[in-house]
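Every letter in the sequence shown is one number past the one before it in my numbering, and letter 256, counting from 1, is 255.
Note that CB positions come from ideal geometry on N, CA and C, so glycine has one too.
Written out below as structure tokens is the structure these notes cover.
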Amino acid sequence: MNKHYLIIGSGVAAVHAAKAIRDQDPDTEISILGEEGHLPYNRIKLTKGLFTDLHSEKVLIKKEKWYKDNRIAVQTSTRVTNIHTDRQQVETADGRMITYHKLLLCMGARNRALPVEGAGLKNVHTIRDLEDADSLKASLESGNRIVTIGGGVQGLETAWALHEAGYEVTVIEAAPRLMARQLDETSSKMLKETLEQAGVKVILHTGVTSITGVESVTGVTLDDNSVISCDHVVYSIGIVPNTTLVKDTPIDTRSGIVVNANMETSAPHVYAAGDIAEMNGHVEGLWGGAMEQGRIAGNNMAAAEPVAYRKAVPVTFFNAFGISLFSIGDTDEARCDQSVSALENGVYTQIFVKDYTMTGAVSWEGAAASLTYKSAIESGCSLEGIDLSRSISEIMTEVKRRLQS
Ligand SMILES: Cc1cc2nc3c(=O)[nH]c(=O)nc-3n(C[C@H](O)[C@H](O)[C@H](O)COP(=O)(O)OP(=O)(O)OC[C@H]3O[C@@H](n4cnc5c(N)ncnc54)[C@H](O)[C@@H]3O)c2cc1C
């Protein structure tokens with residue numbers, strides 16, 4: 000069998016895997032098969048830059064020349080429909096059989112569908128790919144009132160982009176607070192107030208039971224039976240890994256494709272990385288994780304000695320509604336021994352401490368300040384001997400000193 004590294008899916012995990020393979024193996028054929036009609040692009044920009052030119056070269060992860068220079072063949076508009084692990088072949092929608100000696104599954108995830116009546120009406124949107132963003136923008140030509148469902152990062156970034164573009168936005172979140180996965184209670188409350196001051200209506204702790212309308216959306220019904228009239232709905236309520244392709248194969252799946260620390264699946268010669276991969280019962284679903292998992296998988300497909308993936312401390316930046324905040328590490332109060340919070344010079348910060356080390360931090364100080372917190376959390380810098388009743392800036396000055404010594 001000829002050597003051929005084959006990658007299914009053309010997102011960020013695929014690109015970083017291809018790069019890592021090429022770094023290890025300068026000669027062997029590498030192919031990326033992606034069902035979308037574009038070179039791999041920066042999916043994050045779809046909400047952060049919704050009203051910018053998303054078809055610009057700037058949105059691509061790598062320019063066309065890079066693939067050419069590195070002899071990585073990207074086949075766009077190519078959907079893989081079957082995998083035959085016994086024959087080491089995949090089948091494409093246009094009937095081709097492609098042989099691999101190593102296969103990497105990077106099919107990513109799709110947005111979780113809204114499980115309510117009316118979700119199929121015209122003007123109900125979700126944003127996962129470039130076509131979704133294009134179709135949302137095209138439909139916005141009529142109607143000004145938009146309900147966004149989901150108060151996570153992606154939902155709020157969408158709400159911000161729509162608000163900035165002049166639409167009347169209402170955010171509905173089923174949980175009692177916004178960005179509950181990343182923020183402490185005080186920050187969530189402050190965030191809600193910021194949105195409201197900007198003119199966005201926020202409804203928390205409330206589910207949507209149906210979307211009303213005949214052909215197009217006219218409103219959403221909430222679980223208290225109230226109705227909010229609107230012209231568009233955009234929802235963002237989590238992701239589901241795209242595992243359908245491996246359903247009839249021996250590759251193990253749970254919520255994602257199960258991988259070990261070397262990014263190997265249960266089938267020989269088959270690896271998985273990114274939003275499709277489940278490691279230790281967890282699908283990361285984050286850009287940085289997909290990038291690093293792709294790099295590790297690619298390396299291990301080509302290198303003599305495998306390296307293990309190490310999950311990075313999760314970092315979320317939120318820059319919208321005129322604020323710049325970050326959340327790093329574990330910000331669950333229930334899992335720490337102690338937390339310290341303060342509003343100093345108009346900036347709110349909370350740090351989370353367990354076993355005398357900082358395990359998490361939330362701060363409205365702006366992205367530049369995040370580096371010290373990140374280093375302290377990643378390195379497990381000891382806080383022993385630091386008086387935690389001092390101001391946060393005094394605590395962080397001492398942390399910085401310890402990190403540098
Ligand atoms: C709007 C938006 C905003 C986001 N913002 C953030 C953020 O701020 N921070 C953050 O950390 N993360 C963010 N994310 C998540 C981040 O984008 C993902 O974690 C990352 O893109 C995952 O990369 P991936 O390569 O695993 O998969 P994907 O980027 O999902 O790429 C998978 C590709 O595989 C293709 N594919 C699927 N099945 C097949 C098949 N059978 N044949 C061929 N091709 C196939 C898909 O069409 C897709 O192109 C955001 C996601 C979205 C959608």
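Exercise for the section: Taking 8 Å as the threshold, find out whether the region 172–179 comes into contact with the region 264–284 through three or more Cβ pairs. Expected result: A contact is defined here as three or more CB-CB pairs under 8 Å, and the region 172–179 fails this definition with respect to the region 264–284.
Exercise for the section: Thinking L324 and S235 are a contact (beta carbons under 8 Å), I'd like their distance in whole angstroms, please. Expected result: With 8 Å as the limit, L324 and S235 do not qualify as a contact, their Cβ atoms being about 19 Å apart.
Practice task
Report whether the distance from the Cβ of A108 to the nearest heavy atom of ligand 1 is below 7 Å.
Solution key: Yes, the beta carbon of A108 sits closer than 7 Å to at least one heavy atom of ligand 1.
Practice task
Assign H54 to one of two classes, buried (16 or more other C-beta atoms within 10 Å of its C-beta) or exposed (fewer than that).
Solution key: By the neighbour-count definition (other C-beta atoms within 10 Å, threshold 16), H54 is an exposed residue.
Handout entry: Test item: CB-CB of A16 and G293 under 8 Å
Key = Inclusion of A16 and G293 in the CB contact set at 8 Å is warranted, their separation being smaller than that value.
Handout entry: the region 211–231 in contact with the region 186–195 per 3-pair CB rule at 8 Å
Key = Judged by pairs of C-beta atoms under 8 Å, the region 211–231 does not touch the region 186–195, as fewer than three such pairs exist.
Problem - Proximity below 8 Å, CB of S369 to CB of I350 - result: Not a contact, by the Cβ cut-off of 8 Å.
Practice task
Give a single yes or no on whether C405 has its beta carbon closer than 7 Å to a heavy atom of ligand 1.
Solution key: Given a span of 0 to 404 for the chain in the structure shown, any question on residue 405 remains unanswerable.
Exercise for the section: State the DSSP-derived secondary structure class of V398, mapped to helix, strand or coil. Expected result: Three-state DSSP puts V398 in a helix.
Exercise for the section: Compute the beta-carbon to beta-carbon distance between V199 and V168, rounded to the nearest angstrom, for a pair I have assumed lies under 8 Å. Expected result: Taking a contact as a CB-CB distance under 8 Å, the pair V199 and V168 counts as one, their CB atoms being some 5 Å apart.
Exercise for the section: Give me whichever residues DSSP pairs with R144 in a beta bridge. Expected result: For R144, which the question treats as bridged, DSSP gives the partners E167.
Handout entry: Cα-Cα separation, V201 to L155
Key = Answer to the nearest angstrom: the Cα atoms are 10 Å apart.
Exercise for the section: Look at the alpha carbon of N41 and the alpha carbon of A289, and state the distance between them as a whole number of angstroms. Expected result: Annotation: N41 to A289 spans about 12 Å, alpha carbon to alpha carbon.
Problem - Spatial distance of A197 from A367 (CA atoms) - result: About 24 Å.
Exercise for the section: Take I60 and list the residues in its own chain whose beta-carbon comes closer than 7 Å to its own, dropping the five residues that flank it on each side. Expected result: Non-local beta-carbon contacts of I60 in its own chain, meaning distances under 7 Å to residues more than five positions away in sequence, involve V11, V14, P39, Y40 and N41 in chain order.
Problem - Rounded C-alpha distance that separates S374 from H268 - result: CA-CA distance, S374 to H268, rounds to 36 Å.
Practice task
May I ask whether a heavy atom of ligand 1 can be found less than 7 Å away from the beta carbon of Q181?
Solution key: Q181 Cβ: outside cutoff for every heavy atom of ligand 1.
Exercise for the section: For I256, verify whether its CB is less than 7 Å away from any heavy atom of ligand 1. Expected result: No - ligand 1 has no heavy atom lying nearer than 7 Å to the Cβ of I256.
Exercise for the section: Quick one: give me the first and last residue of the beta strand (DSSP E) that D64 is part of. Expected result: The question names Asp, but residue 64 is Lys in the sequence shown. Taken as a continuous stretch (DSSP letters only), K64 belongs to no beta strand (DSSP E), being part of the alpha helix (DSSP H) at E63 to D68.
Practice task
Buried or exposed for Q403, please, with buried defined as at least 16 other CB atoms from any protein chain shown within 10 angstroms of its CB.
Solution key: Within 10 angstroms of the beta-carbon of Q403 lie fewer than 16 other beta-carbons, which makes it exposed.
Practice task
Identify the continuous beta strand (DSSP E) that holds V14 and give its terminal residues.
Solution key: For V14, there is no enclosing beta strand (DSSP E); the residue is part of the alpha helix (DSSP H) that begins and ends at V11 to Q23.
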